[in-house]
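Here's the structure, in structure tokens; my notes come after.
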Amino acid sequence: MFGKVPMALAGWLIGGGPSSGERTLALIAFAIFAQLLITSLNDVYDAPKDAVTAPHLPIPSGAISRRQGLALPVACGVALLALLVFLADRPVTVAFVLLTMVLGAGIGALYGVTKSKSYSALLASTGSAGTAIWGWLLSPRASVGLLVVLLAVAVTHGIVMNLVNQVRDAVRDPDAGNFTLAVRLGSSRTLLISAGFRFTEAVLIALLGVAVAAPWRAVILAAPLAALAVGVARAVSRRQESLGSREANDDILGPFWFSTFLAEVSLLFVISPPFGVASFVVMFTWFRVVRHYYRVRVISGRLTRGIVSDGDSGADSAIPDQPPSGPSEARPHRHLRGEYDL
Numbered sequence: 002m003f004g005k006v007p008m009a010l011a012g013w014l015i016g017g018g019p020s021s022g023e024r025t026l027a028l029i030a031f032a033i034f035a036q037l038l039i040t041s042l043n044d045v046y047d048a049p050k051d052a053v054t055a056p057h058l059p060i061p062s063g064a065i066s067r068r069q070g071l072a073l074p075v076a077c078g079v080a081l082l083a084l085l086v087f088l089a090d091r092p093v094t095v096a097f098v099l100l101t102m103v104l105g106a107g108i109g110a111l112y113g114v115t116k117s118k119s120y121s122a123l124l125a126s127t128g129s130a131g132t133a134i135w136g137w138l139l140s141p142r143a144s145v146g147l148l149v150v151l152l153a154v155a156v157t158h159g160i161v162m163n164l165v166n167q168v169r170d171a172v173r174d175p176d177a178g179n180f181t182l183a184v185r186l187g188s189s190r191t192l193l194i195s196a197g198f199r200f201t202e203a204v205l206i207a208l209l210g211v212a213v214a215a216p217w218r219a220v221i222l223a224a225p226l227a228a229l230a231v232g233v234a235r236a237v238s239r240r241q242e243s244l245g246s247r248e249a250n251d252d253i254l255g256p257f258w259f260s261t262f263l264a265e266v267s268l269l270f271v272i273s274p275p276f277g278v279a280s281f282v283v284m285f286t287w288f289r290v291v292r293h294y295y296r297v298r299v300i301s302g303r304l305t306r307g308i309v310s311d312g313d314s315g316a317d318s319a320i321p322d323q324p325p326s327g328p329s330e331a332r333p334h335r336h337l338r339g340e341y342d343l
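Residue numbering for the sequence shown follows the numbering used here, beginning at 2 and increasing consecutively.
This is the structure in structure tokens:
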């Protein structure tokens, strides 16, 4: 829900947007509806493949139909357009933002059919970059130079998120015909590559701090880098030949996801410490509440008929160092009996 707020706010603030008031609140709402729109459309578009890779989701599980699933993106689209008209200073700004959205949708569709390509993570990163551009376009657009640095941050950030998610999905992706980089290289190599991009992102955020005449704020980057170090240590030490479920691998991938969250907070802190602190409190609280509800409702609820108990999945809880050679080796047949995992 809040996934696009940090990048949108970063673009807004470096562009000279106000740090308070109804326009700032409208920008935050715009980013939230954009996230909901993209996520819900993706769920509808990917429903056939999700039936294999993520059968716990509402559409593959049968909780709602694909037609019913279109109700949310339609509602979000209407709200998004209304907020865009409110925020834009003139019609040409509306046109530019809509153009970037159309381009983003096109790149997203291309990504959907090229997940097996080595450059797929770069295509996926345009989601983060596009959000930063929206925030900047809707602001007074004060600094093009800072926008260039922010876009570099956004691209590296998006690449990291995609690579980590590739590792998460490597269990079932081959069954859906997606032989991603994580499937071909193995989890350890893929996570080490993502760590390299995360370090690059941290350097770029530090440069952004220098550009806004506040280099001392870069000390906050110790937080995402520390979480990253924990994730790398766990990934390297857990070299097995079989992949467990998404849920089972949370202990390894969790630090990478937490590092991503802390990187977003750090970005906002470097630009505006009050926004950095506020985003940490709101997003962390929301994540804890929703994640707990999600696991109780989806993992332990009615959508998970046939799910195995935690004790049954321990043997398959490690991420592989070696990639599976094909779909048959990627399936954890032993415990897939109706299991709807994360």
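Every residue, glycine too, gets a C-beta built ideally from N, C-alpha and C.
Verify whether the separation of the beta carbon atoms of residue i and residue j is less than 8 Å.
i: A9; j: G128; result: no
i: F97; j: L38; result: no
i: I134; j: G12; result: yes
i: P256; j: V231; result: yes
i: D47; j: G113; result: yes
i: A228; j: L263; result: yes
i: G210; j: A223; result: no
i: S260; j: P216; result: no
i: S280; j: P61; result: no
Less than 8 Å between the CB atoms is what I'm expecting for residue i and residue j, so what's the real figure, rounded?
i: A171; j: A183; result: 5 Å
i: V161; j: R199; result: 5 Å
i: T201; j: T157; result: 5 Å
i: S144; j: G16; result: 7 Å
i: F180; j: S117; result: 5 Å
Looking only at C-alpha atoms, which of the options sits nearest to residue i?
i: V150; options: Q36, S189, F97 and V271; result: V271
i: K5; options: P274, S273 and V266; result: V266
i: R142; options: L14, G277 and F288; result: L14
i: S189; options: A207, R169 and D176; result: R169
i: M2; options: Q36, G107, S21 and G17; result: Q36
i: F31; options: R218, K116, T132 and V204; result: T132
i: P19; options: V93, R218 and P275; result: P275
i: L147; options: P49, T286, A234 and V213; result: V213
i: L85; options: L208, I253 and F34; result: F34
i: L152; options: L58, D174, I206 and F87; result: I206
i: R91; options: S140, W287, V290 and F288; result: S140
i: I108; options: T94, V95, S119 and L123; result: L123
Starting from residue i, trace the alpha helix (DSSP H) in both directions and tell me its first and last residue.
i: N166; result: V145 to D170
i: M102; result: P92 to G113
i: R190; result: S188 to A212
i: W217; result: Neither: W217 is in no alpha helix (DSSP H) and is coded neither H nor E.
i: N43; result: E23 to Y46
i: R235; result: A223 to S238
i: G131; result: S121 to L138
i: G12; result: V6 to I15
i: S62; result: P59 to S62
i: F87; result: A72 to L88
The ligand MN heavy atoms versus the CB of residue i: any closer than 7 Å?
i: L111; result: As presented, the structure is devoid of all ligands, the ligand MN included, so that no description of it is given.
How about residue i: is its C-beta nearer than 8 Å to some C-beta of chain D?
i: R142; result: No chain D appears in this structure, which consists of one protein chain only.
Exercise. Would the stretch 36-43 and the stretch 165-183 be scored as touching if the rule is three or more Cβ pairs under 8 Å?
Worked result: no
Exercise. Between the stretch 9-29 and the stretch 62-71, do three or more beta carbon pairs fall short of 8 Å?
Worked result: no
For this session: Could you tell me whether the stretch 78-91 touches the stretch 120-127, where touching means 3 or more Cβ pairs closer than 8 Å?
Result: no
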